[in-house]
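Chains as they are written, first to last, in my numbering: chain A, 1 to 478; chain B, 1001 to 1488; chain C, 2001 to 2096.
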Amino acid sequence: MEFEAVIGLEVHVQLLTESKVFGTAATKFGAKPNANIDPVSLGLPGSLPVLNKKTVDFAIMLGLATHCEINGTNRFARKHYFYPDLPKGYQISQFEEPICERGSVDIVVGELHRAIGIKRIHIEEDAGKSTHYANGNFSLVDCNRAGVGLVEIVSEPDIRSAAEAAAYLRKIRQLVRWLGICDGNMEEGSLRCDANVSLRPLGELKFGTRTEIKNLNSFKFIEKAIEYEIARQIKVLRSDEEVIQTTMLYDSENDVTRPMRGKEEALDYRYFPDPDLMPLKIEESWIETIRQGMPTLPDALANQLVVNLGLSEEEAQIITSERDYFEYFQELHAACQNPKLACSWMTSELFGKLNKTNVSFTESPVKAKRLGRLLQLIVQDTISGKTAKAVFEQMWTTNQDPEKIIAEKGLQQISDRSVILNWVLQVIKEHPKQIEQYRAGSDKVFSFFVGQVMKLARGNASPSLVNELLLEELQKEK
Amino acid sequence: MFDSAKSLQELQTAITDRTILAQELVDKSLTIIEKHKQLNSFITVCSDIAKERANWADAHVAGGHKLPLLGIPVAVKDILLVNGTRTTAGSRILENFIAPYSATAVRKLVEAGAIIVGKCNLDEFAMGSTNENSYFGPVLNPWNLDCVSGGSSGGSAVAVASGMVPVAIGTDTGGSIRQPASFCGVLGIRPTYGRVSRYGVIAYASSLDQVGVFARQAKDAAQILEIISGYDEKDGTVSNRSVPSFSKDLNDNIKGLRIGVPKEYFQAGLNSEVRAAIEIALNELKKLGADLVDIELPHTKYAVPVYYIIAPAEASSNLGRYDGIRYGYRATSAKSLADLYEQTRATGFGAETKRRILIGTYVLSKGYFDRYYKKARKVQSLIASDFSNVFANQCDLIAGPTVATTAFKIGEKTADPLAMYLSDILTIPANLSGLPALSTPCGFDSKGLPIGLQLIGQKWAEQTILNVAHSYQQVTDWHKHIPPISRG
Amino acid sequence: MSDNEQVKHTAKLARLAISDGELPVIVDNFNRILDFFKIIDEVDTEDLPEYSHYPDEDQHLRKDQTVHALTTEQALSNAPDRQDNMFKTPLIVSAE
């Protein structure tokens, strides 16, 4: 029997606010333990939550970017459980009335375009962090992260493969980074993902029993974990057993999923509306203000790149995958007015170099302005593409303007007809044997002549002029 | 003993005129606290800090500065945090907790120049009606040491009643200010929900808790209340409306005011001596020009069950933070984390607190939430409508007894939680409706125990009930009576 | 009515240890209190709104500003056990 995977993702997005969602402590990652603390973060007796407006702004923004409905009234609820890094014994979250509902994002996997439904987006607070020392039989708790604002994005069970799950997560990451509401850093936990996975016979409408895989902290792991879990469930179903509803943890070292210990006790979160927080009313005018302030979204820009500038869909996707890329591209394009050239220089030369040298995009020594000037020189035929690559190498290491490098190294392209014609004539004169071959119909020798001319020109002759004049003169020899 | 006839304003004038030093006032306060130690009204006395502050206050006066409460000794229920001072909530679980910040109400008092002389005893986490649920032992009633002080703000009530301080701060969730005020023969007011910030007030039932004041005179209560009230950016449920000058606007003209007398507050269970005293008091108000109107509050009988669903539900949630991890008591015997939680909470909390945590956990749990919590929140809206209906059509405020009895014997009701719960029946409805209410002394029973007259106002109309209490105090002297142990 | 098991389950949810010795009294009180709640069943609440205790209509929001309220030492000053500026607990076994 063939099975179909049914996957839903829950993505936690840590918001880039200065202060926490209900308290006034800083949110800065990497602070010393228990340095970002106020009475609310620690759940001290008598402390009270007061909602950070920016958190709501960000949630609305994300809701709009994912085509959600923004609820006019939404509420905060307390979700109760005991855990040492949960200071109050409850997490403030949204339960029955989340801020955003019923949206979708578009993903592309290979040739396939799909819309993945968003069930809801809600605001909640993060927990602290525990570190475990099994040998010493103790754990240590740091409350810096406790109370940092999160939004949780819950997808519909619309995802059908591990690859789609990864594409969906990439899309979410792209959006939150684009909007500037999250840094998307999965290693540091600013973006976290849990996956619900179930299988059903192909064609069946009813959902099978699902398992939840927790803590998928990289794109690689999410794909591998889901693939593993699908294979595991297929095995279970094929052997006529039943999938048991459990929470699993992905063990990346051994590439397996394992049931989580200690979760067997049925949880009862005892949600109830938080009496400390008023229902949150969001007027249409608030939503409108957010909408006005939002950047154009990457999908729309990618579409413009394809339609207006003639880039391929794949190229457009890469350029719009990060806001920084797009802005860089725009500068290149403005300088050279050649979208294809700008795109290929960015995606092959620049990205290649960044990759090879392990430098991040934002730290690239070659800024858009300089690279734009280099491309301009190519377009103006001042240098050849090949020379430009050499200049680019120089720019990378010396941090100098392209013009300066070209002038100093004498790399300027020679476009003087008479100079090039002299070289052409000299080459023809010095190679009678090859002229014979050419006359006999061998086209291969043409590139030999080009090579010889370039040699005389030390590679600086305009390739198009060399071609043109060689063809003209060889014609005369025929 | 503070002169029961002297107002805060008179004390303040004496301090500014330098006819008395803040140092002397504070010494007097500390001496009386020490003298009546057996009443157990304080958990922590802040002698050193208070004396230091008094020196500061005197220097401030000498420098020609003025502040509304400069040099006035104040006692604070040990459920409001005072920075650097132990704050226990009457619980073993916070026995050694040193507050790292101050409650907003405390901050405002201190900024107004007041001197906090100590932290008053209370029922653990404000859960109780007798002060017998304190880990630090019961508070004794100064009128009869065999009787309870009432609760949960018993220590604050006794501190004022026995003349240790002229004014004290308490909290009132289901009657925790008015009931001990009634039992101890002082005035106690809880304002409208949202009038005073709850920041730094250890939460019992967040939707019902309010900070309030104990004093002898309505005028003094008005002055303290206007100082501690108002918007606070640290509390999302405090009102941003402006605070009237309660003390300046205080007047004794109550002519034509319509006072509703609810028949439900005079039913079976009402002690006959209490009834008699209340009827005389009502008659006094009539003589002052008020009109008495018979009214009905038909859903009163549901108030106690509704309260004992909602308050424990919120309490079970609010008390989840006491787990022995970040602060507070930790059971040392625990070997595992699960053990640590269960042992810490089992030994750190007292019996009544645990009872309410259990009930609260139960009414919020899967399968019971709608039947109990949600249902109770709906019935609560009916109780609140009872009040809004009579206020819209029949009366300007409501008067009746604060408690159906006078103070009972220590230990009399501890075995029966339900009997204890039912003793709050006349105070709970105002809390469930967010209304301001006060209790002011209106007589004594044949055993010499005080009786309180309760006044319930419309939302934000503290001024009205303060005016009525003030008028009543102009023609009676019940609020000036001093318990036997404080005489001579 | 609740039985011993239900009370024990509730106590477990609330992380309160109950000894077998105290159980009968707790269950008895528990049941009497639940029984007392039954009186509200007689109220028809079908179309009633839930009570709202909030004093104002308008939202009370905070600007996104940090206020350094507590130092690390203050944060840890009441800790029953601490190490390396963190709160120390017995090993969390049901850990992630």
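We treat Cβ as the ideally placed atom computed from N, Cα and C, and that holds for glycine.
In this text the structure is predicted, and so the values were computed from the model without any measurement.
Close-in-space but distant-in-sequence residues of the same chain around residue i (CB under 6 Å, 5 per side omitted)
i: Gly1256(B); result: none
i: Ile1043(B); result: Asp1078, Thr1088, Lys1119, Asn1121, Phe1136
i: Arg1086(B); result: Thr1044, Ile1098
i: Ala25(A); result: Asn36, Ile37, Asp38, Ser41
i: Gly1230(B); result: Val1243
i: Phe351(A); result: none
i: Val1167(B); result: Val1074, Ala1215, Asp1220, Ile1224
i: Ser1047(B); result: Leu1030
Own chain partners of residue i with C-beta closer than 8 Å, once the 5 adjacent residues on each side are dropped
i: Leu175(A); result: Leu62, Ala65, Thr66, Val105, Leu297, Pro298
i: Val464(A); result: In the sequence as displayed, the identity of residue 464(A) is Ser instead of Val. So the list reads Asp381, once near-sequence residues are dropped.
i: Glu2096(C); result: Model confidence at Glu2096(C) stands at a pLDDT of 37, short of 50, so the residue's coordinates are unreliable and nothing is read from them.
i: Gln475(A); result: none
i: Ile1254(B); result: Leu1285, Leu1288, Gly1289, Ala1290, Asn1467, Val1468, Ser1471
i: Asp1232(B); result: Thr1104, Ser1197, Tyr1199, Val1238
Residue i, enclosing alpha helix (DSSP H) - first and last residue
i: His2009(C); result: 2004–2013
i: Ser1385(B); result: 1375–1393
i: Glu408(A); result: 402–409
i: Pro2024(C); result: 2023–2037
i: Ala167(A); result: 162–179
Residue interval of the beta strand (DSSP E) (run including residue i)
i: His132(A); result: 129–133
i: Asn1055(B); result: Here Asn1055(B) belongs to no beta strand (DSSP E); instead the alpha helix (DSSP H) covers 1047–1062.
i: Gln91(A); result: 90–93
i: Val486(A); result: The requested residue 486(A) does not occur in the structure, where chain A is confined to residues 1 to 478.
i: Val197(A); result: 191–201
i: Val6(A); result: 3–14
Reduced DSSP secondary structure (H/G/I, E/B, other) of residue i
i: Cys1147(B); result: strand
i: Met248(A); result: strand
i: Lys1255(B); result: coil
i: Ile414(A); result: strand
i: Asn1083(B); result: coil
i: Lys263(A); result: In this predicted model, Lys263(A) has a pLDDT of only 48, less than 50, meaning its place in the structure is not dependable; the value taken from the coordinates is given anyway. Coil at Lys263(A), not helix or strand.
i: Ser1272(B); result: helix
i: Gln1179(B); result: helix
i: Cys336(A); result: helix
i: Thr209(A); result: coil
i: Pro1100(B); result: coil
i: Pro1077(B); result: Checking the displayed sequence, the identity of residue 1077(B) turns out to be Lys instead of Pro. Strand, per DSSP.
i: Tyr1372(B); result: helix
i: Arg1241(B); result: coil
i: Pro463(A); result: helix
i: Ile1357(B); result: helix
i: Arg1195(B); result: coil
i: Asn1141(B); result: strand
Chain-order list of residues whose beta-carbon lies under 7 Å from that of residue i (same chain, five-residue window excluded)
i: Gly184(A); result: Arg173, Val176, Arg177, Ser190, Leu191
i: Glu2057(C); result: none
i: Ala1469(B); result: Leu1187, Ala1218, Leu1438, Thr1440, Leu1455
i: Lys54(A); result: Thr17
Beta-bridge partners of residue i, as assigned by DSSP
i: Thr2089(C); result: Ser139(A)
i: Pro273(A); result: Ala77(A)
i: Phe1042(B); result: Cys1120(B)
i: Thr37(A); result: Thr is not the amino acid found at residue 37(A); the sequence shown has Ile there. The partner list for Ile37(A) (beta bridge, DSSP) reads Leu2070(C).
i: Thr257(A); result: Tyr250(A)
i: Phe1214(B); result: Ala1168(B), Gly1188(B)
i: Ile222(A); result: Paired residues: none, contrary to the question.
Which full runs of the alpha helix (DSSP H) of 4+ residues lie inside the stretch 1413–1485 of chain B, going along the chain?
Qualifying alpha helix (DSSP H) stretches, in chain order: 1417–1422, 1428–1432, 1462–1475.
In the stretch 1283–1333 of chain B, which residue ranges form an unbroken beta strand (DSSP E) of at least 3 residues, counting only runs that do not cross its ends?
1291–1295
Entirely within the stretch 430–459 of chain A and at least 4 residues each: give me those alpha helix (DSSP H) ranges in chain order.
432–439, 444–456
Within the stretch 36–67 of chain A, ranges of the alpha helix (DSSP H) (whole runs, at least 4 residues):
You should have 53–65.
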